[in-house]
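Asks: Just so you know, we're using my numbering here: the sequence shown kicks off at -10 and counts up by one.
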Amino acid sequence: MLLERSLALPLLATVLTGTLLYQLANLEPALWVAGVALILFIVVRWRRLPQSPRILVGLALFSGVFLPWAEDPWGVLRTAFDRAGYFSTFLIALSFLRLAAQRSRMVRRCGALAVNQPPGRRYGILSYTTALFGLILNFGVLHLLGLMVTRGNTLAAANGQVSIQRTRQRRMSLAMLRGFAALPMTSPFSITLALLLTIIPGLRWQDILPIGFVTAALLILIGWIQDFRHNPRRAPPGLATDTRHYSWRPAVQLVGLIGLLTSSAFLLETRTDLSLTLAVILTSPLVGIGWLAWQGNRAGMPGALVLLGRRLKSDIPNQVAPLSGEVSLLAGAGFLGAAISGLVTESQVLWLVSALHLDGYFLLIAAMVLTVALGQVGFNPIVSVTLLASALQPVAAFGLTNELLALGLMSAWCLTVNSSPFTISVSIVGYLSQVSPRHLAWNWNRRYLLVSFAFLCVWLFGLQWLY
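1. On the three-pair Cβ rule with 8 Å, is the stretch 52 to 68 touching the stretch 330 to 339?
2. Apart from the five residues just before and just after I459, which ones in its own chain have a Cβ nearer than 6 Å to its Cβ?
3. Can you look up P94 in the DSSP assignment and give me helix, strand or coil?
4. Terminal residues of the continuous alpha helix (DSSP H) containing W213?
5. Determine, using beta carbons only, whether T119 and A164 come nearer to each other than 9 Å.
6. So for L80, helix, strand or coil by DSSP?
7. Taking the straight line between their C-alpha atoms, what separation do you get for S236 and L102?
8. Looking at the unbroken alpha helix (DSSP H) that takes in I371, where does it start and where does it end?
9. Measure from the alpha carbon of S373 to the alpha carbon of each residue in L347, A327, A386, G388, then state which is nearest.
10. Tell me whether W454 is buried or exposed, calling it buried when 16 or more other Cβ atoms sit within 10 Å of its Cβ.
11. Determine contact between the stretch 104 to 111 and the stretch 345 to 356, defined as no fewer than three beta-carbon pairs at a distance below 8 Å.
12. What separation, rounded to the nearest whole angstrom, lies between the Cα atoms of I209 and G245?
13. On a CA-only basis, which of T360, S408, M399, S41 is nearest A183? Give me that one, please.
14. Okay, do the stretch 272 to 280 and the stretch 248 to 264 touch, 3+ Cβ pairs below 8 Å being the bar?
15. Quick test of the definition: if touching needs 3 or more C-beta pairs under 8 Å, does the stretch 408 to 425 touch the stretch 379 to 390?
16. When you compare each of E392, W194, N434, L124 to L80 by their alpha carbons, which one comes out closest?
17. Below 8 Å, can you find three or more Cβ-Cβ pairs linking the stretch 352 to 368 to the stretch 72 to 88?
18. Quick one, are the C-beta atoms of S41 and G314 less than 9 Å apart?
19. What would DSSP say about G388, mapped onto helix, strand or coil?
20. Is it buried or exposed, F450, if we count other Cβ atoms within 10 angstroms and call 16 or more buried?
21. Where Q284 and I247 are concerned, what is the direct C-alpha to C-alpha distance, given to the nearest angstrom?
22. Look up Q150 in the DSSP assignment and say whether it is helix, strand or coil.
23. For the alpha helix (DSSP H) containing E17, name the first residue and the last one.
24. How about L133 and G168: do their beta carbons lie closer than 9 Å?
25. Rounded to whole angstroms, how far is the Cβ of R72 from the Cβ of T187, which I believe are closer than 8 Å?
26. Looking at L474: is its Cβ nearer than 9 Å to the Cβ of S162?
27. Where does the unbroken alpha helix (DSSP H) through S441 begin, and where does it stop?
28. Exposed or buried, which one is E17 when buried takes at least 16 other CB atoms within 10 Å?
29. Identify whether A69 lies in helix, strand or coil by the three-state DSSP scheme.
30. Whole angstroms are fine: how far does the CA of G64 sit from the CA of A457?
31. Is it right to say I214 is buried, meaning 16 or more other beta carbons lie within 10 angstroms of its own, or is it exposed?
32. DSSP state of H346, grouped into three classes?
33. Whole angstroms is fine: what's the gap from R435's alpha carbon to W402's?
34. Where do the ends of the alpha helix (DSSP H) carrying P191 lie?
35. Use the C-beta contact count for W340: other C-beta atoms within 10 angstroms, 16 or more gives buried, fewer gives exposed.
36. Excluding sequence positions up to five away, which residues of its chain have a Cβ less than 7 Å from the Cβ of M137?
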């Protein structure tokens, strides 16, 4: 156990350093060093990996057996290691933000403000807050707000009425899950955007993020309308929520911090030749460490630096454990997607699509249905979206545009996160709500899935004329 912990952190640091050297200075040996370090990290943490990352890593290794039959085996292998290291580095960089957010009193106060709202507006505020917090906390937002919901939703707070307690739990759980599921379409720090910007040539964040943000806001609004129609709009007598002692100041501060983070990444991307994903990788650790240092500002500059050093020394090793499964999952998906793209030719994919008599809009809807359906049997959307985005290149050959394909796959990712009992988000919310992931995904969320999918079909059909 001690040896495992002592090796894991240096290996992740090597992955981060090697990938950045390759991306920034084009040092190819650094790519292979990062790849070897990534393999060793997965080997070291193998016993503690969940089943899903294990299966995906196994599939990635199996795909490597067929690389000698590719047109350019070494080129495919280089691309596979590049994507595996790049996606892993993206996640490692974001862990600095998660570390700072977990220590922040501002974030906890914002969470308390969102949870302690009247029923009529609690769903919307909690859902949009989860999407906002998810920018910096990722899965940590579900733990943070989920624990607040569980602790606040006591039987005593429900005036001894079990039915009210259960209804509150269901409503707030669904609000969190649906807000979190919107992240793939709104966040410049989501692995979804990083993945699509890497795989789809010519796709620009300026073209996809604005329409993605609007789509996500509408999907959250659909859930809010459903909650408003099918649940009480006011608290029962004697159960009114007192929000007077909850200040909105921390919420304004958090919005300002997120604005600083996003604008820094956007500015770096526009003023240099770096991609947005690489800009996020470079700015996230700096902002995260700066945020951690600011949290100790009451002790003065020397005291804040001492406290920062202590926190980094004690907290960074603890970030390795939750990163193991996510890093392995992303590395496996990146490698597998690149390997399959190198093994399957464009003519083969075109033949298959023509045999199915699919093209353009209907092909996009079929890809969305396939992504959601595969999610119901345990296929992570990271894998399905990676494979579909890789296979449908060049997009013009299939009657699509970069933006329409990206938005459709992002939307499918969102629906899968909402509806698959095998996703991490559904498992976390189900555990905190004390219901099975299947009950949460297939019973509580079934109506929302169907309505949202119907909306997306109409929405994407209309967007054809703009993109």
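We put the CB at the ideal spot given by N, CA and C, even for glycine.
Quick caveat, the model's predicted, so the values are computed rather than measured.
Replies: So, from the listed chains and residues:
1. At 8 Å Cβ cutoff, the stretches touch.
2. Since the displayed the chain opens at -10 and closes at 456, residue 459 lies outside it and no answer follows.
3. For the record, residue 94 in the displayed sequence is Arg; it is not Pro. If DSSP states are grouped into helix, strand and coil, R94 belongs with the helices.
4. From DSSP, the alpha helix (DSSP H) with W213 extends over 194 to 219.
5. Against a cut-off of 9 Å, the Cβ pair of A164 and T119 comes out as a contact.
6. If DSSP states are grouped into helix, strand and coil, L80 belongs with the helices.
7. S236 and L102: Cα-Cα distance of roughly 7 Å.
8. Judged by DSSP secondary structure, I371 falls within the alpha helix (DSSP H) whose first and last residues are 370 to 380.
9. Comparing Cα-Cα distances from S373 to each of L347, A327, A386, G388, the minimum goes to A327.
10. Of the other Cβ atoms in all chains shown, fewer than 16 fall within 10 Å of the Cβ of W454; this residue is therefore exposed.
11. Judged by Cβ distances under 8 Å, the stretch 104 to 111 makes no contact with the stretch 345 to 356, as fewer than three pairs qualify.
12. So the two alpha carbons sit approximately 22 Å from each other.
13. Minimum Cα distance to A183 is reached at M399.
14. Between the stretch 272 to 280 and the stretch 248 to 264, the count of C-beta pairs closer than 8 Å reaches three or more; the two stretches touch.
15. Contact annotation: the stretch 408 to 425 does not touch the stretch 379 to 390, with fewer than three C-beta pairs closer than 8 Å.
16. When only C-alpha atoms are compared, the closest one is L124.
17. The stretch 352 to 368 makes no contact with the stretch 72 to 88: fewer than 3 CB pairs, one atom from each, lie closer than 8 Å.
18. Taking the C-beta atoms as reference points, G314 is found nearer than 9 Å to S41.
19. G388: coil per DSSP, three-state reduction.
20. F450 counts as exposed, since fewer than 16 other C-beta atoms from the protein chains shown sit within 10 angstroms of its C-beta.
21. Distance from the CA atom of Q284 to the CA atom of I247, rounded to whole angstroms, is 16 Å.
22. Coil, per DSSP.
23. Judged by DSSP secondary structure, E17 falls within the alpha helix (DSSP H) whose first and last residues are 17 to 33.
24. The criterion of a C-beta distance shorter than 9 Å is not satisfied by L133 and G168.
25. About 7 Å separates the Cβ atoms of R72 and T187, confirming a contact at the 8 Å cut-off.
26. In the structure as shown, the chain begins at -10 and stops at 456. Residue 474 is therefore absent and cannot be evaluated.
27. It spans 435 to 452 - the alpha helix (DSSP H) in which S441 sits, taken as one unbroken run.
28. By the 10 Å Cβ count, E17 comes out exposed.
29. Of the three classes helix, strand and coil, the one that applies to A69 here is helix, per DSSP.
30. There is simply no residue 457 to check, as the chain begins at -10 and stops at 456 in what is shown.
31. Its Cβ having fewer than 16 others within 10 Å, I214 is exposed.
32. DSSP places H346 in coil when its eight states are reduced to three.
33. If you draw a straight line from the Cα of R435 to the Cα of W402, it comes to about 16 Å.
34. Residue 191 is actually Gly in this sequence, not Pro. Following the DSSP letters along the chain, one finds G191 in no alpha helix (DSSP H), marked with neither H nor E.
35. In summary, W340 is exposed, with fewer than 16 beta-carbon neighbours lying within 10 Å of its beta-carbon over all protein chains present.
36. Closer than 7 Å at Cβ, skipping near neighbours: G100, A101, V104.
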